[in-house]
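A quick write-up on the structure given underneath.
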Amino acid sequence: MHSYAIGDIHGHLDKLKAVHDLIADDIARNGAAPVVHVGDYEDRGPDSRGVIDFLIDGQARGEDWITLRGNHDRMFAGFLQSPDWQDEGLRSGLSYLHYKIGGAETLASYGVKNAADRPIRKVHPEALAAIPPGHIAFLSGLKNWWQRDQAIFVHAGIRPGVAMPDQTETDLIWIRKEFHDDPRDHGALIVHGHTAIDQPRHYGNRLNIDSSVAYGGPLSAVVIEGRDAFRLIKGGRVPIGPEAA
Numbered sequence: 004m005h006s007y008a009i010g011d012i013h014g015h016l017d018k019l020k021a022v023h024d025l026i027a028d029d030i031a032r033n034g035a036a037p038v039v040h041v042g043d044y045e046d047r048g049p050d051s052r053g054v055i056d057f058l059i060d061g062q063a064r065g066e067d068w069i070t071l072r073g074n075h076d077r078m079f080a081g082f083l084q085s086p087d088w089q090d091e092g093l094r095s096g097l098s099y100l101h102y103k104i105g106g107a108e109t110l111a112s113y114g115v116k117n118a119a120d121r122p123i124r125k126v127h128p129e130a131l132a133a134i135p136p137g138h139i140a141f142l143s144g145l146k147n148w149w150q151r152d153q154a155i156f157v158h159a160g161i162r163p164g165v166a167m168p169d170q171t172e173t174d175l176i177w178i179r180k181e182f183h184d185d186p187r188d189h190g191a192l193i194v195h196g197h198t199a200i201d202q203p204r205h206y207g208n209r210l211n212i213d214s215s216v217a218y219g220g221p222l223s224a225v226v227i228e229g230r231d232a233f234r235l236i237k238g239g240r241v242p243i244g245p246e247a248a
């Protein structure tokens with residue numbers, strides 16, 4: 004039994020299509036399997052709208068694609084609810100349009116220009132008018148985690164020692180240090196993104212697949228078989244061996 008997973012996308016439609024091509028090639032050799040997207044579909048990159056359209060269209064035609072919620076997905080959805088919405092995982096004082104978040108780039112992909120340079124209360128109604136209802140529904144329908152075989156897929160990680168049904172959404176989409184520093188076995192391999200690194204890395208109890216596409220790095224696709232992991236490249240698979248955290 005195998006599964007595929009794709010790291011944080013951040014508005015890079017061209018790179019998303021490219022890794023789906025790699026997955027299609029691997030499926031042709033090894034058989035069909037679900038493809039898990041671990042969240043953060045928008046912000047910072049050039050075509051957030053295109054990414055969400057691509058995912059919606061794929062699911063509509065019956066592709067076995069799982070879409071998980073990332074912290075940027077919740078921030079985008081929260082901004083659309085209210086210009087005053089504040090994510091509890093975000094440092095106080097940062098709005099969705101702060102340059103570190105990248106929300107202005109997302110809105111630009113929908114035709115709302117120069118959002119970071121204008122009052123947020125003026126930008127908000129423009130955003131609501133520009134963003135299709137189907138995109139808002141997509142954001143609200145994202146899963147917080149998903150399990151298959153010996154792998155649990157999640158955006159950021161888990162609170163160690165807490166059963167999956169009891170995990171908070173904020174931990175699942177924001178956690179870092181408490182999860183990264185815990186060496187215990189979690190009962191399954193935790194496949195996650197959220198923390199940007201140079202390439203997918205396997206730490207024995209977890210696999211980080213966020214390879215920094217938001218900062219100019221590649222977008223990674225991996226194959227999970229049991230607790231073994233492989234990075235997809237043109238022409239095949241490269242094993243990702245466990246290493247020290």
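First residue of the sequence shown: 4, per the numbering used here; consecutive thereafter. Note that the Cβ used here is the ideal one computed from N, Cα and C, for glycine as well.
- If only uninterrupted beta strand (DSSP E) runs of at least 3 residues are considered, those enclosed by the segment 192-225 are 192-195, 209-211.
- Within the segment 104-156, the runs of alpha helix (DSSP H) at least 4 residues long that lie entirely inside it are, in chain order, 106-112, 123-133, 136-143.
- Straight-line measurement puts the Cα of F57 at about 18 Å from the Cα of G114.
- Between the segment 197-209 and the segment 220-238 there are three or more inter-stretch CB-CB distances shorter than 8 Å, so the stretches are counted as touching.
- Around D11, the same chain offers D43, G196, D213 as residues with beta carbons nearer than 6 Å, after the five sequence neighbours per side are excluded.
- The beta-carbon separation of E108 and G14, rounded to 7 Å, stays under the 8 Å limit for a contact.
- With a minimum length of 3 residues, the unbroken runs of beta strand (DSSP E) contained wholly in the segment 60-110 fall at 68-70.
- L100 and I123 do touch by the CB rule: their CB atoms are close to 6 Å apart, below 8 Å.
- About 6 Å separates the CB atoms of L222 and L19; that is less than 8 Å, so the two are in contact.
- Look at the beta carbons and you see the segment 165-181 not touching the segment 133-144: under three pairs across the two are nearer than 8 Å.
- Here Q170 really is in contact with R162; their C-beta atoms are around 6 Å apart, less than 8 Å.
- Taking a contact as a CB-CB distance under 8 Å, the pair Y7 and V41 does not count as one, their CB atoms being some 11 Å apart.
- Contact check for W149 against F156 passes: the beta carbons are separated by less than 8 Å.
- In this structure, the CA atom of V22 is about 30 Å from the CA atom of A118.
- Exposure of N33 is indicated by the presence of fewer than 16 other C-beta atoms within 10 angstroms of its C-beta.
- Here L235 is bridged, per DSSP, to R240.
- Beyond the five residues adjoining it in sequence on each side, R179 comes within less than 8 Å, by CB distance, of A159, G160, H197, T198 in the same chain, given in chain order.
- Rounded to whole angstroms, the gap between the alpha carbons of F182 and H5 is 25 Å.
- Secondary structure of V22 (DSSP, three-state): helix.
- For E246, the three-state secondary structure derived from DSSP is coil.
- When the beta-carbon positions are compared, L93 and A130 stay at least 8 Å from each other.
- In the DSSP assignment, H40 falls outside any alpha helix (DSSP H) and within the unbroken beta strand (DSSP E) covering 38-40.
- Taking 8 Å as the cut-off, the beta carbon of G96 is found no closer than this to the beta carbon of R47.
- Secondary structure at I9: strand, using DSSP grouped into helix, strand and coil.
- Sequence-distant Cβ neighbours of P245 in its own chain, meaning closer than 8 Å and more than five residues away, are H205, Y206, G207.
- When secondary structure is reduced to three states using DSSP, E228 falls in the strand class.
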